[in-house]
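Asker: What follows is a single structure, and I will ask about it in a moment.
Structure follows, in structure tokens:
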């Protein structure tokens, strides 16, 4: 019986230390990284990314992709505030941006700029007519994906139409 107690005690001790190593709870942060200059300390960059929730192998792969050029989107589970994150990565030669979907989209203004009726707008961009009417009348707000699509329609309506055929 004493062996069971010691085993139980060891498990409790192990669980306590595991809890101390866990990252603080919070929402994951989506970040897009780009080279802003020379990365003089790649090991420090890898350790920094690993400290914010990436595994060491994943962090190494991210730094390798950065060196190849182009943006690298990542998801950090325990990153600091965006301003602090950008400053820390900036000191290491990496520019970081946190993409944010539009918080609000004026559907009626977009539709009016295009010179379309509600029915024409809904047909042209594959929306339900009821959805367009409800958005414009304020009964419902577009969800996140719809807000992103509406923002693209606002800036590049021909590109969206081209994709839709």
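In UniProt numbering, the protein residues as written are 1 to 165.
Backbone N, C-alpha and C fix where the C-beta goes; we use that ideal spot for every residue, glycine too.
The structure displayed is predicted, hence computed values, not measured ones.
Report the option in 100, 48 and 102 whose CA atom is closest to the CA atom of residue 76.
Answerer: The shortest Cα separation from residue 76 among 100, 48 and 102 belongs to 48.
Asker: Which same chain residues, not among the five before or five after residue 105, have their C-beta less than 7 Å away from its C-beta?
Answerer: Within the same chain, residue 105 has close Cβ partners 142, 147, 150 and 151.
Asker: Under the three-state reduction of DSSP, which class applies to residue 94: helix, strand or coil?
Answerer: If DSSP states are grouped into helix, strand and coil, residue 94 belongs with the strands.
Asker: Where does residue 73 fall in DSSP's three states?
Answerer: DSSP places residue 73 in strand when its eight states are reduced to three.
Asker: Per DSSP, what kind of secondary structure is residue 85 in: helix, strand or coil?
Answerer: Three-state result, residue 85: helix.
Asker: If you draw a straight line from the alpha carbon of residue 89 to that of residue 83, how long is it in whole angstroms?
Answerer: Answer to the nearest angstrom: the Cα atoms are 10 Å apart.
Asker: What does a CB cutoff of less than 8 Å around residue 119 pick up in its chain, not counting 5 residues either side in sequence?
Answerer: If we look at residue 119 and ignore the five residues flanking it on each side, its Cβ neighbours are 129.
Asker: Check whether the Cβ atoms of residue 79 and residue 32 lie closer than 8 Å to each other.
Answerer: No, they are not a contact pair.
Asker: Pick out whichever of 126, 45 and 138 has its Cα sitting closest to the Cα of residue 163.
Answerer: Comparing Cα positions, the closest option is 126.
Asker: Just mark residue 59 as buried or exposed, buried being the case when its beta carbon has 16 or more other beta carbons within 10 Å.
Answerer: Residue 59 should be labelled buried.
Asker: What do you get for residue 53, buried or exposed, if any count of 16 or more other CB atoms within 10 angstroms of its CB means buried?
Answerer: By the 10 Å Cβ count, residue 53 comes out buried.
Asker: Measuring only the C-alpha atoms, how far is residue 133 from residue 165?
Answerer: Each residue's Cα considered, the two are about 24 Å apart.
Asker: Considering Cα atoms alone, identify which of 112, 154, 70 and 57 is closest to residue 36.
Answerer: When each option's Cα is compared against that of residue 36, the closest is 70.
Asker: What span of residues does the alpha helix (DSSP H) with residue 132 cover, start to end?
Answerer: Residue 132 -> alpha helix (DSSP H) spans 129-136.
Asker: Name the two residues that bound the continuous beta strand (DSSP E) containing residue 116.
Answerer: Note, residue 116: premise wrong, no beta strand (DSSP E); not H, not E.
Asker: Pick helix, strand or coil for residue 124, following the three-state DSSP scheme.
Answerer: Three-state DSSP puts residue 124 in a helix.
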